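**Q** Residue numbers (the UniProt record's numbering), protein chains in the order written: chain A, 1 to 237; chain B, 1 to 240.
Got a structure for you, written out below as structure tokens; questions coming shortly.
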């Protein structure tokens with residue numbers, strides 16, 4: 001039953017690639033999400049406009065289309081940039097846009113938009129009195145942001161963050177379409193070669209299931225920790 | 001076709017009348033696929049959601065397993081399993097099912113419908129569970145039986161509460177349908193991929209299709225906002 005016809009090690013390597021991809025994109029999306037949310041709330045019109053444009057456009061376009069655009073278009077852009085640099089400044093610069101990088105950039109960008117909306121809601125849930133108090137103590141804007149806003153908004157952001165992470169995790173499967181040898185790609189090739197689709201896709205599906213189920217438990221635990229000392233209305237009702 | 005559009009198309013290398021027809025056919029395929037899978041998914045999801053709220057674990061358990069499996073794995077894998085898997089079922093190639101499932105459209109439709117059904121079931125379940133207990137007690141006090149409570153009270157009020165989450169699911173499905181291009185269906189994304197590979201023009205091909213998806217998304221958001229306003233008319237503040 002678990003005879004993987006010699007594809008076992010490759011599948012395992014693919015699973016590692018999937019996990020790496022997911023975590024790197026998560027890091028990028030968290031960064032972009034914080035940036036997007038704070039520009040939306042900054043009161044600066046230009047920053048607000050850019051952030052709103054970013055979140056609206058990204059959330060209206062399929063992830064696969066974005067990925068194809070970045071993968072095929074990214075290389076064209078890098079090529080013309082390297083031509084330009086060589087022609088004008090004699091700088092020899094080249095950079096191969098591989099599927100892994102395009103995957104991280106695309107998934108990070110897409111989920112950055114979702115994270116921005118989550119963080120925005122969470123920032124708005126922080127009591128304004130807290131921010132006023134920080135100002136009264138002479139905290140700078142950056143200090144207020146780091147020491148007061150971020151720790152208090154995390155509790156509100158966690159449920160949305162958890163949902164986004166679950167969707168992100170499943171989106172990593174798409175990167176196999178642009179040629180990354182993650183576990184989906186390995187399974188597809190093996191399934192085609194051996195004509196055994198169930199045999200190879202079921203283990204991959206189980207790994208995804210394991211990852212999502214594990215994250216669910218972890219997020220539940222985080223949520224419980226983050227809400228220590230906060231009265232939970234629904235539980236007492 | 002107005003003259004100026006024809007003129008513009010004639011001056012353009014990529015967006016000729018022919019590629020426009022390709023995009024149009026892709027649009028038709030995408031809309032068919034998404035619309036049919038949403039209808040099938042919704043029709044299966046309502047009874048499943050009711051079963052999912054039953055107290056008997058032998059009834060609600062299997063439904064939970066189904067939704068958990070389909071929500072916990074990527075749609076792409078489900079599509080691959082169904083698309084490649086159906087041909088491997090022993091004996092299927094001799095039955096009439098093979099005539100249907102030989103086309104890539106139907107395995108994709110099956111995968112999408114099963115996937116959206118799982119998500120929709122959970123959305124409707126959430127809405128059913130959050131029916132105020134007082135309303136159900138009142139219905140019982142009036143002597144309504146289970147069927148009448150479901151039909152007159154629980155399902156209509158659940159529909160109102162579910163519509164917002166469901167609109168997200170519809171948009172999500174539209175975006176997920178892009179992966180149909182992987183199993184050789186020429187949907188919008190498939191058309192864009194063909195045009196990209198013919199002209200080697202990634203920006204033209206993919207940005208154009210992204211704009212079409214963006215327009216479709218905006219239309220859906222607008223339509224659902226109208227629907228929501230209509231369904232929640234009774235909650236609007238007086239005088240607005």
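Even glycine gets a Cβ: it sits at the ideal position worked out from N, Cα and C.
Nothing here was measured: the structure is a model prediction, and the numbers come from that model.
Are any of the Cβ atoms in chain B nearer than 7 Å to that of residue 198 of chain A?
**A** Translated into the one-based positions of the first chain, residue 198 of chain A becomes position 198. Yes, its Cβ sits closer than 7 Å to a Cβ of chain B.
**Q** What residues in its chain sit with their C-beta under 6 Å from that of residue 82 of chain A, if we drop five residues either side in the sequence?
**A** As a working note, residue 82 of chain A is residue 82 in the first chain. Around residue 82 of chain A: 93, 94.
**Q** If the criterion is Cβ atoms closer than 7 Å, does the pair residue 116 of chain B and residue 60 of chain A meet it?
**A** In the second chain, counting from the first residue as 1, residue 116 of chain B sits at position 116. In the first chain, counting from the first residue as 1, residue 60 of chain A sits at position 60. No, the pair does not count as a contact, with Cβ atoms beyond the cut-off.
**Q** Can you confirm whether residue 73 of chain B, when its beta carbon is compared against all beta carbons of chain A, has any partner nearer than 7 Å?
**A** One-based indexing of the second chain puts residue 73 of chain B at position 73. With 7 Å as the cut-off, residue 73 of chain B counts as an interface residue toward chain A.
**Q** Could you tell me whether the stretch 48-63 of chain A touches the stretch 107-125 of chain A, using the rule of 3 or more Cβ pairs below 8 Å?
**A** Yes, the stretch 48-63 of chain A touches the stretch 107-125 of chain A.
**Q** With DSSP as the reference, label residue 5 of chain A as helix, strand or coil.
**A** Looking up residue 5 of chain A in the first chain gives position 5. Residue 5 of chain A falls in the coil class under three-state DSSP.
**Q** Please report the Cβ distance between residue 155 of chain A and residue 226 of chain A, rounded to the nearest whole angstrom; I am assuming they are in contact, meaning their Cβ atoms lie under 8 Å.
**A** Position 155 of the first chain, counting from 1, holds the residue named residue 155 of chain A. Position 226 of the first chain, counting from 1, holds the residue named residue 226 of chain A. With a Cβ gap of about 4 Å, residue 155 of chain A and residue 226 of chain A count as contacting.
**Q** For the alpha helix (DSSP H) that contains residue 234 of chain B, what are its first and last residues?
**A** Counted from its first residue, the second chain places residue 234 of chain B at position 234. First-last for residue 234 of chain B: undefined, no H or E at that position.
**Q** Going by the CB atoms, is the gap between residue 196 of chain A and residue 15 of chain A shorter than 7 Å?
**A** Working through the first chain from its first residue, we reach residue 15 of chain A at position 15. Working through the first chain from its first residue, we reach residue 196 of chain A at position 196. Not closer than 7 Å, so no.
**Q** Check whether the stretch 120-137 of chain B and the stretch 166-183 of chain B touch, using three or more Cβ-Cβ pairs below 8 Å as the test.
**A** Yes: the two stretches touch, three or more of their Cβ pairs being nearer than 8 Å.
**Q** Where does residue 180 of chain A sit, in a helix, a strand or coil, going by DSSP?
**A** Here residue 180 of chain A is taken as the residue at index 180 of the first chain, counted from 1. DSSP places residue 180 of chain A in coil when its eight states are reduced to three.
**Q** So if I threshold CB-CB distances at 9 Å, which residues from the stretch 178-192 of chain A count as touching chain B?
**A** For the stretch 178-192 of chain A, which is checked against every Cβ of chain B, the residues closer than 9 Å are 184, 187, 188, 191, 192.
**Q** Note down, in chain order, every chain A residue with its Cβ under 7 Å from the Cβ of residue 85 of chain B.
**A** Translated into positions along the second chain, residue 85 of chain B becomes position 85. Within chain A, the residues near residue 85 of chain B are 197, 198.
**Q** Got a sec: is the Cβ-Cβ distance from residue 201 of chain A to anything in chain B below 7 Å?
**A** In the first chain, the residue the question calls residue 201 of chain A occupies position 201. True, the Cβ-Cβ gap to chain B drops below 7 Å.
**Q** Can you confirm whether residue 70 of chain B, when its beta carbon is compared against all beta carbons of chain C, has any partner nearer than 7 Å?
**A** Absent here is chain C; the protein component of the structure consists of chains A and B.
**Q** What is the residue span of the alpha helix (DSSP H) that residue 103 of chain B lies within?
**A** Here residue 103 of chain B is taken as the residue at index 103 of the second chain, counted from 1. Careful: residue 103 of chain B lies outside any alpha helix (DSSP H) and carries neither H nor E.
**Q** Give the range of the alpha helix (DSSP H) segment to which residue 93 of chain B is assigned.
**A** For the purposes of this step, residue 93 of chain B is identified with residue 93 of the second chain, where counting begins at 1. Here residue 93 of chain B belongs to no alpha helix (DSSP H), and DSSP marks it neither H nor E.
**Q** Taking Cβ-Cβ distances shorter than 7 Å, what residues in chain B pair up with residue 73 of chain A?
**A** Within the first chain, numbered from 1, the residue matching residue 73 of chain A stands at position 73. The answer, in chain order, is 202, 203, 206.
**Q** If you drop the 5 nearest sequence neighbours on each side, which residues of the same chain put their C-beta closer than 8 Å to that of residue 151 of chain A?
**A** On the first chain, position 151 is the one that residue 151 of chain A refers to. Contacts found: none.
**Q** Can you find the residues in the same chain that come closer than 6 Å, C-beta to C-beta, to residue 120 of chain A, ignoring five residues on each side of it along the sequence?
**A** Sequence index remark: in the first chain, residue 120 of chain A carries index 120 (1-based). Closer than 6 Å at the Cβ level, and outside the excluded window around residue 120 of chain A, lie 37, 40.
**Q** As an exercise, report each continuous alpha helix (DSSP H) stretch of at least 4 residues that is fully enclosed by the stretch 138-189 of chain B, in chain order.
**A** Whole alpha helix (DSSP H) segments, 4+ residues: 146-149, 155-176.
**Q** Can you confirm whether residue 88 of chain B, when its beta carbon is compared against all beta carbons of chain A, has any partner nearer than 7 Å?
**A** Your numbering for residue 88 of chain B matches position 88 in the second chain. Chain A contact via Cβ: present.
**Q** State the start and end residues of the unbroken alpha helix (DSSP H) segment that holds residue 123 of chain A.
**A** Position 123 of the first chain holds residue 123 of chain A. Residue 123 of chain A -> alpha helix (DSSP H) spans 99-124.
**Q** Please tell me whether residue 223 of chain B and residue 62 of chain A are closer than 7 Å, where the distance is taken between their beta carbons.
**A** Taking the second chain and counting its residues from 1, one reaches residue 223 of chain B at position 223. Taking the first chain and counting its residues from 1, one reaches residue 62 of chain A at position 62. No, the Cβ-Cβ distance between residue 223 of chain B and residue 62 of chain A is not below 7 Å.
**Q** What's the gap between the Cα of residue 222 of chain A and the Cα of residue 31 of chain A?
**A** Residue 222 of chain A sits at position 222 when you count from the first residue of the first chain. Residue 31 of chain A sits at position 31 when you count from the first residue of the first chain. The straight-line gap from Cα to Cα measures roughly 20 Å.
**Q** Spell out a yes or no on whether the stretch 187-194 of chain B and the stretch 125-141 of chain B are touching, meaning 3 or more CB-CB pairs, one atom from each, closer than 8 Å.
**A** Too few Cβ pairs lie closer than 8 Å, so no.
**Q** In the DSSP assignment, find the unbroken alpha helix (DSSP H) run with residue 61 of chain B in it and report its ends.
**A** Here residue 61 of chain B is taken as the residue at index 61 of the second chain, counted from 1. Here the alpha helix (DSSP H) through residue 61 of chain B covers 57-72.
**Q** Could you have a look at residue 62 of chain A and say whether DSSP puts it in helix, strand or coil?
**A** Translated into the one-based positions of the first chain, residue 62 of chain A becomes position 62. Correct three-state label for residue 62 of chain A: coil.
**Q** Starting from the Cα of residue 54 of chain B, find the closest Cα among B:129, B:41, B:107, B:113 and give me that residue.
**A** The residue given as residue 54 of chain B occupies position 54 in the second chain. The option with the nearest alpha carbon to residue 54 of chain B is B:129.
**Q** Any C-beta of chain A sitting closer than 7 Å to the C-beta of residue 67 of chain B?
**A** Position 67 of the second chain holds residue 67 of chain B. So no, residue 67 of chain B is outside the interface.
**Q** Might you give, ordered along the chain, the residues of its own chain that have their beta carbon closer than 8 Å to the beta carbon of residue 134 of chain A, omitting 5 neighbours on each side?
**A** Reading the first chain from its first residue, position 134 is the one you call residue 134 of chain A. Only 143, 144, 147, 148 meet the Cβ criterion.
**Q** Taking the C-alpha atoms as reference points, what is the distance between residue 113 of chain B and residue 31 of chain B?
**A** As a first step, residue 113 of chain B must be located in the second chain, where it is residue number 113. As a first step, residue 31 of chain B must be located in the second chain, where it is residue number 31. Distance between the alpha carbons of residue 113 of chain B and residue 31 of chain B: 14 Å.
**Q** Between residue 237 of chain A and chain B, is the shortest Cβ-Cβ distance under 7 Å, so that the two count as touching?
**A** As a position in the first chain, residue 237 of chain A is number 237, starting the count at 1. Confidence at residue 237 of chain A is low in this model, with a pLDDT of 38, below 50, so its placement is unreliable and no value can be given for it.
**Q** Compare the C-alpha of residue 188 of chain A against each of B:215, B:81, B:105 and name the closest.
**A** In the first chain, residue 188 of chain A corresponds to position 188, counting from 1. The option with the nearest alpha carbon to residue 188 of chain A is B:81.
**Q** Check for me: the alpha helix (DSSP H) holding residue 227 of chain A runs from which residue to which?
**A** Numbered from its first residue, the first chain carries residue 227 of chain A at position 227. Where residue 227 of chain A is concerned, there is no enclosing alpha helix (DSSP H), given that its DSSP letter is neither H nor E.
**Q** Is it true that the stretch 197-208 of chain B meets the stretch 66-76 of chain A, where meeting means three or more beta-carbon pairs spaced less than 8 Å apart?
**A** In short, these stretches touch, since the Cβ pair count reaches three.
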